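There are 2 protein chains.
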Amino acid sequence: MSIVISKADIENMNSRFRATFINSIEGFKSFNLVATRSKAGISNVAPFNSIMHIGSNPPLIGMLIRPETDEHQTLNNIRETKGFTINHVNENILQKAHQTSAKYDSNTSEFEACGLTEQISDHSIAPYVKESNLKYTLTLKEIVPIALNGMNLVIGEIQEVLIGECNIEDDGYVHIDELGTLTCVGVDSYFKVNNITRLPYAKK
Amino acid sequence: MSIVISKADIENMNSRFRATFINSIEGFKSFNLVATRSKAGISNVAPFNSIMHIGSNPPLIGMLIRPETDEHQTLNNIRETKGFTINHVNENILQKAHQTSAKYDSNTSEFEACGLTEQISDHSIAPYVKESNLKYTLTLKEIVPIALNGMNLVIGEIQEVLIGECNIEDDGYVHIDELGTLTCVGVDSYFKVNNITRLPYAKK
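If you read the sequences in order, they're chains U and W.
Here the first sequence is numbered in my numbering, starting from 1 and rising by one per residue.
Here the second sequence is numbered in my numbering, starting from 1001 and rising by one per residue.
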């Protein structure tokens, strides 16, 4: 290996460098917009790269939300209304999706501020992102606190899935690359993908 | 949208179809090999697609481990020894990495069975995967149980990072695409990436 980085090296990094470095080595992540709406009717949309598989029966999805602050509208709205949507990001809306990470005040809808379009859901108070090609609504099931650093793991159950034009295999596999879905490293580097292969179930 | 899938549609899917479908719509994930060694000295290596960012100071990484069974060697070894390594997967070792998902018994090392090479770490009882171009050792910090379905969120602190030849920016960003690191959908579909852009910090 060309570079060996010790624990002391990491401790001695300045905090922004360290955050970017650690985020990079974690590898490629899903890049999604999470949309909510407050009781007062203000919609919110924010980027999340921590969507994870919790279970498929019932269909449960988790995501991490950073330590709570007054400004964390996504978490506040989910607590208030129990509803949220997860929306894949494609190249056509990449700039707008990234822009939703800016700190807008709680009276501003990031949809309007960033030029994205709300799409009403029949299953949630939370809107979809119209420009997204794969999206689903969820109902809050549990918030698991992570004592170590004050994060919350928010777990929701899928209520409805909307999918654009793409192939879905007989075994349930959805070709999300055909929808233009992107992946990311950290919070600012974005990638298109090329499928190499799909491998059969591994046997001894 | 061409397809609308309701909650009832999901409930009516057969269980394998549903698992593949739900895993697909979660988007692209990191694809890593997690290596451990038991107290008895048997090494283990297994694929994980749930690596997540917990924090950068201290540098904390999390991963989800499915409901416990007697066979879950990775979790058993981490409990016993506190050590594990996370190893990026590149195209050269893709078939071998996928093969580690087969069910070997606890007296078999997946390194040998799958043709991967152990690399001793100075910082952990757990070995690295020699063929991996970016890898790090961790020490167990916390296991957070997820009551909803018996999963465990395993959180470790990084002790050392080894990185192959690639560019690292002045702000800490590591070009992991230059190392051939892959991304995946679900547990069997693998992708190469092409960088589109890295965007500046978004301001209002």
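For every residue, glycine included, the Cβ atom is placed at its ideal position computed from N, Cα and C.
Every value quoted in this text rests on a predicted model; they were computed, and no experiment measured them.
Can you name the start and end residues of the beta strand (DSSP E) that residue 37(U) belongs to? 32 to 37
Spatial distance of residue 1182(W) from residue 40(U) (CA atoms): 43 Å
Please give the ranges of any beta strand (DSSP E) in the stretch 90 to 152 of chain U, keeping only runs that are unbroken, at least 3 residues long and fully inside the region. 134 to 146
Between 1190(W), 1171(W) and 1143(W), which lies nearest to residue 1063(W) when the distance is taken from Cα to Cα? 1143(W)
Should residue 4(U) be flagged as near chain W, meaning a C-beta pair shorter than 9 Å? yes
Chain-order list of residues whose beta-carbon lies under 6 Å from that of residue 132(U) (same chain, five-residue window excluded): 87 and 88
DSSP three-state call for residue 1077(W): helix, strand or coil? helix
Under 8 Å: do the stretch 87 to 105 of chain U and the stretch 119 to 137 of chain U share three or more Cβ pairs, one atom per stretch? yes
Do the stretch 111 to 121 of chain U and the stretch 1016 to 1028 of chain W touch if we need at least three Cβ pairs shorter than 8 Å? no
Would you list, in chain order, the members of the stretch 115 to 138 of chain U that have their beta-carbon closer than 7 Å to a beta-carbon of chain W? 134 and 136
Given residue 93(U), which residues of its chain have a CB within under 8 Å of its CB, disregarding the five upstream and five downstream residues? 116, 129, 131 and 132
So if I threshold CB-CB distances at 8 Å, which residues from the stretch 185 to 198 of chain U count as touching chain W? 185, 186, 188, 189, 190, 191, 192, 193, 194, 195, 196, 197 and 198
Taking residue 16(U) as the query, report the chain W residues whose CB atoms sit under 8 Å from its CB, ordered along the chain. 1171 and 1172
Could you check how far apart the C-beta atoms of residue 46(U) and residue 74(U) are, in whole angstroms? I think they sit under 8 Å. 5 Å
Any beta carbon of chain W sitting closer than 9 Å to that of residue 153(U)? yes
Would a check of beta-carbon distances place residue 176(U) closer than 9 Å to chain W? yes
May I ask you to verify whether the stretch 101 to 114 of chain U touches the stretch 191 to 202 of chain U, counting CB pairs closer than 8 Å and requiring at least 3? no
Assuming contact is defined by CB atoms lying nearer than 9 Å, are residue 1172(W) and residue 1138(W) in contact in what I supplied? no
Secondary structure of residue 1021(W), DSSP reduced to three states: helix
How about residue 10(U) and residue 1059(W): are their beta carbons less than 9 Å apart? yes
Return the residue from the list 174(U), 79(U) and 180(U) that minimises the CA-CA distance to residue 1003(W). 174(U)
By the three-class DSSP mapping on this structure, what secondary structure does residue 7(U) have? helix
Anything in the stretch 1066 to 1095 of chain W with a Cβ closer than 8 Å to a Cβ of chain U? List those residues in chain order, please. 1088, 1091, 1094 and 1095
Determine whether the Cβ of residue 35(U) lies closer than 9 Å to any Cβ atom of chain W. no
Proximal chain U residues relative to residue 1019(W), where beta-carbon distance stays under 8 Å: 56, 57 and 172
Helix, strand or coil for residue 1014(W), going by three-state DSSP, please let me know. coil
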